[in-house]
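**Q** Below: one structure in structure tokens.
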Amino acid sequence: MTSPVELQRATFAAGCFFDTEAAFRRIEGVIETVVGYTGGSLPEPTYEQVITGTTGHVEAVGIVYDPGVITYDLLLEIFRTMHDPTCTDGQGGYSGSQYRSVIFYHNEDQRKTALTSRDSLTTRKIYGDRPILMEILPASQFWPAEECHQRFYEKCAQGFCTSRQCDE
Numbered sequence: 001m002t003s004p005v006e007l008q009r010a011t012f013a014a015g016c017f018f019d020t021e022a023a024f025r026r027i028e029g030v031i032e033t034v035v036g037y038t039g040g041s042l043p044e045p046t047y048e049q050v051i052t053g054t055t056g057h058v059e060a061v062g063i064v065y066d067p068g069v070i071t072y073d074l075l076l077e078i079f080r081t082m083h084d085p086t087c088t089d090g091q092g093g094y095s096g097s098q099y100r101s102v103i104f105y106h107n108e109d110q111r112k113t114a115l116t117s118r119d120s121l122t123t124r125k126i127y128g129d130r131p132i133l134m135e136i137l138p139a140s141q142f143w144p145a146e147e148c149h150q151r152f153y154e155k156c157a158q159g160f161c162t163s164r165q166c167d168e
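Mapping the sequence shown onto this note's numbering, position 156 (from 1) lands on 156, and the numbers just tick up by one.
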């Protein structure tokens, strides 16, 4: 009998967390998603505080996934395609440092894989000559957002769209 695969965590910020969470929820092997705030210094931030852009936090999605079903590499590829990692301080109609592109790694393997993934975007010229501004940072305290923000589109019976272009 084979032993069960240990579930893993991943954390991504790609603009508005509503869009990011909705996209990852649809992926086979993703067991759980939670929207929240991370990367800042203010303890227990609220949505109203984070959207000011002054707390240092980003809107992010915490993911629990089954690596026996989906790899971290594939999660990174999905993350890359749902937003534009060449944008600074915003995605689509959202502007501010709280909407920047960040991969938060949970272990050394994730750090190395994230760096390789980011570097390949430049090498392969996926975005032409535009610089890749996606940050890669160690995972820090993750503060779940208020309940009204969890599974937002499901609660509101709305579709979602991913933010793939910077506002010019």
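From the three backbone atoms N, C-alpha and C, an ideal C-beta is built for every residue, glycine too.
1) Can you check whether the CB of Arg25 is closer than 9 Å to the CB of His106?
2) Note the first and the last residue of the continuous alpha helix (DSSP H) segment covering Glu48.
3) Specify the secondary structure class of Leu137 as computed by DSSP and reduced to three states.
4) Name the two residues that bound the continuous alpha helix (DSSP H) containing Thr113.
5) Per DSSP, what kind of secondary structure is Leu105 in: helix, strand or coil?
6) Looking at the unbroken beta strand (DSSP E) that takes in Thr173, where does it start and where does it end?
7) When you compare only the Cα positions, how much space is there between Arg80 and Gly68?
8) Closer than 6 Å by C-beta to Ser97: which residues in its own chain qualify, once you throw out the five before and the five after it? Chain order, please.
9) By the DSSP assignment, the beta strand (DSSP E) with Glu77 in it spans what residues?
10) Alpha carbon to alpha carbon, how far is Thr71 from Arg124? Give it in angstroms, no decimals.
11) Can you tell me whether Asp89 sits near the ligand NAD, meaning its C-beta is under 8 Å from at least one heavy atom of the ligand?
12) So the alpha helix (DSSP H) Arg25 belongs to, where does it begin and stop?
13) Does the Cβ of Ser163 have 16 or more other Cβ atoms within 10 Å, making it buried, or fewer, making it exposed?
**A** Result, derived from the coordinates:
1) no
2) 47-50
3) strand
4) 108-123
5) Going by the sequence as given, residue 105 is Tyr instead of Leu. The answer is strand: DSSP assigns Tyr105 an E or B state.
6) Any answer about residue 173 is impossible in this case: the structure gives the chain only from 1 up to 168.
7) 21 Å
8) Gly53, Asp89
9) Note, Glu77: premise wrong, no beta strand (DSSP E); alpha helix (DSSP H) at 72-81.
10) 21 Å
11) The ligand NAD is absent from the structure shown, which contains no ligand whatsoever.
12) 17-25
13) In this prediction, Ser163 scores a pLDDT of 43, lower than 50, which makes its location untrustworthy; the coordinate-derived value is nonetheless stated afterwards. Under this definition Ser163 is a buried residue.
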